[in-house]
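Counting from 1, position 251 in the sequence shown corresponds to residue 253 in the numbering used here; the numbering is continuous, with no gaps. Where is the CB? At the ideal position from N, CA and C, for every residue including glycine. Notes for the one structure printed next.
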Amino acid sequence: MRRKLLFGERMLHGDGTLPFNGVIPFRLRGVFVEANLHYALGKVQEKHPWLNAFVQNDEKQRPWFIIDEAKPVKIPVRIENRLSDNDWQTESHRELLTPFDTAKGPLLRLVWIKDETVSDMIITIHHCLCDGGSAMSILAELLQLLDDPTADIGKEDPIKGVEDIIPPAILNNKAKQIKAKLIGGLAAVVLKLMPVKKNPVDRKRDYLIHWKFDESLSKELILYCKSAGITVNTMLCGVLLSAFKQVRKDQAHNKVSCPVDIRRFAPEIKKDQIFAFGLMLVVSAHAGLDFLDNIKAMQKDVDQKSAKLDPYATMMMMESAHSAMDNFTNLLKNGKSTNDCMFSNLGKIDIPHQYRSFKLETIFSPAVIGPLGNTTTMVTSTYRGQMDFSFIASEGFVPYEDALAIKDKIISMIKEQIGNIAVAVA
């Protein structure tokens, strides 16, 4: 089985030599044997065909996902001794910066950091293969099989191309095809003519910062957002932009890029289907408003922009722009950064906590880093009522001391706003 990489997947894959990895760390408390872990990974591969794939270029240098059923590939497991509660951060950093051999596959691996009763595990996936939603489905299935090897997790009907995503009435519409080709062609011309410096920004040292809100603070934040008529996502965007402005001052751009789960707008893509393409919103703060008025105005912006998102038109346009791939990636790598941060909120993770032979104690928010320009990314997720944050960046974009200050500002501003509501209610 084979299929061409779509535009977004090609962008994330690049030439396959540089890492563009996502890590999903989690902690289990309990005892199980290594053989069961390998068995569970094998069953997950059976469900999801593309977890058996490697990437190979054709004669036109277009990359394809390819599965060679005569030469199956196993998901590798690296085992390390667990010496402290923070070992997972060290290993996550290592995994983020270790490239996959995409020409051999598979594009997923696992690290098991173990002691007698606690296991910190890290699933590492090449970002060209799947997004955060797909990764959470893989995690849920792995845990289900690790607990019960006889569990039936079903079979994925894999996506084989845009025709599996875009409804025929849209994909075969001549007017929409012409519009997509015109926009894609125009974008290709603009990118070709746009001057871009030859050398990328020196990333210098990459780093990962992690923190977690307890259940009480997490609940108070959710209640605050409900009372203000905003989403948690918009609230955190507002806090993030304010923190960057206070810490980075004139170097702040007042822009946060937020990936949007395409499944919200394209029901053809199922929850457990492996897919990497996403939509994007850019969010900015409004000058001259106090915090609450600002995030309410931002929420209005987000709602208006979300209503205009069209996954089918976007995908058709991008698939018409493959000739611009090199110019586009050069712009991302070498162009001047115009946003402060990528911010992704995975929301509440609906995975069981208690299993027969172990407990899923916590899921640390995923982290992702790649070679396409500004690496600064914050990811948050909520599991067992606790909001968890990962902040990854590079010294060449945001100095480590600035990142620590941004983290402190985020925490203090959230507590301050929650306190203001509490005082007003009292």
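Beta-carbon gap between residue i and residue j smaller than 8 Å
i, j, result
"R84", "K116", "yes"
"T236", "V304", "yes"
"I276", "E158", "yes"
"L8", "V164", "yes"
"G421", "S220", "no"
"A315", "A190", "no"
"K302", "G231", "no"
"R111", "P65", "no"
"L39", "V79", "yes"
"D149", "Y357", "yes"
"C343", "L242", "yes"
"M319", "I185", "yes"
"G337", "V198", "yes"
"D70", "D122", "no"
"V113", "E143", "no"
"V57", "G24", "no"
"S218", "K257", "no"
"R265", "G134", "no"
"P160", "P74", "no"
"S244", "N341", "no"
Presumed contact (8 Å Cβ cut-off) between residue i and residue j, rounded CB distance
i, j, result
"L14", "G372", "7 Å"
"G398", "R96", "Contact flag wrong, Cβ pair sits at about 20 Å."
"M411", "Q248", "Per the sequence shown, the amino acid found at residue 411 is Lys instead of Met. With a Cβ gap of about 6 Å, K411 and Q248 count as contacting."
"L223", "V234", "7 Å"
"S308", "G349", "S308 to G349, Cβ: 15 Å. No contact."
"T377", "S396", "5 Å"
"H128", "F22", "6 Å"
"I125", "L99", "At roughly 16 Å, the Cβ-Cβ gap does not stay under 8 Å, so I125 and L99 are not in contact."
"I167", "A55", "Not confirmed; about 18 Å, so no contact."
"D208", "I394", "7 Å"
"V33", "S359", "7 Å"
"T331", "G16", "7 Å"
"L20", "I211", "Actually they are not in contact, since the Cβ atoms of L20 and I211 sit about 23 Å apart, beyond 8 Å."
"D274", "S139", "4 Å"
Alpha helix (DSSP H) segment containing residue i, residue limits
i, result
"H40", "36 to 49"
"L225", "217 to 230"
"F9", "9 to 15"
"K194", "176 to 195"
"P170", "170 to 173"
"W90", "89 to 98"
"L147", "134 to 149"
Cα-Cα separation, residue i to residue j
i, j, result
"N174", "N347", "34 Å"
"L193", "I180", "20 Å"
"D60", "Q91", "38 Å"
"K228", "L238", "13 Å"
"H288", "I408", "19 Å"
"R31", "K361", "5 Å"
"V425", "P261", "Model confidence at V425 stands at a pLDDT of 47, short of 50, so the residue's coordinates are unreliable; what they give is reported in the following sentence. Rounded to the nearest angstrom, the two C-alpha atoms are 34 Å apart."
"S94", "V381", "14 Å"
"V427", "L145", "Bear in mind that the predicted position of V427 carries a pLDDT of just 43, short of 50, making it too unreliable to give a figure here."
"F366", "V120", "15 Å"
"K49", "S414", "44 Å"
"M389", "F215", "5 Å"
"F293", "K251", "17 Å"
"L147", "P368", "21 Å"
"L131", "R5", "12 Å"
"I26", "Q63", "31 Å"
"D295", "H355", "38 Å"
"M3", "I68", "6 Å"
"K272", "H255", "36 Å"
"Q306", "P313", "16 Å"
"L333", "A37", "46 Å"
"V400", "T379", "11 Å"
"P170", "A177", "13 Å"
For residue i, the first and last residue of its enclosing beta strand (DSSP E)
i, result
"S392", "388 to 396"
"V58", "With the sequence shown as reference, residue 58 is identified as Gln, and Val is not the correct amino acid for it. That run of the beta strand (DSSP E) goes 56 to 59."
"M123", "120 to 128"
"I115", "110 to 116"
"R29", "23 to 32"
"E321", "Per DSSP, E321 belongs to no beta strand (DSSP E); it is in the alpha helix (DSSP H), 313 to 321."
"F67", "65 to 68"
"E82", "79 to 83"
"L210", "208 to 214"
"R4", "4 to 6"
Minimum Cβ-Cβ distance from residue i to chain C less than 8 Å
i, result
"A177", "The structure shown contains no chain C, having only a single protein chain."
heavy atom of the ligand MN below 7 Å from residue i C-beta
i, result
"T316", "Only the bare structure without any ligand can be found here, which leaves the ligand MN out of the picture."
Fully enclosed by the segment 323 to 379, which alpha helix (DSSP H) runs are 4 residues long or longer? 327 to 336
What residue ranges within the segment 242 to 303 form continuous beta strand (DSSP E) runs of no fewer than 3 residues, ordered along the chain? 258 to 262, 281 to 285
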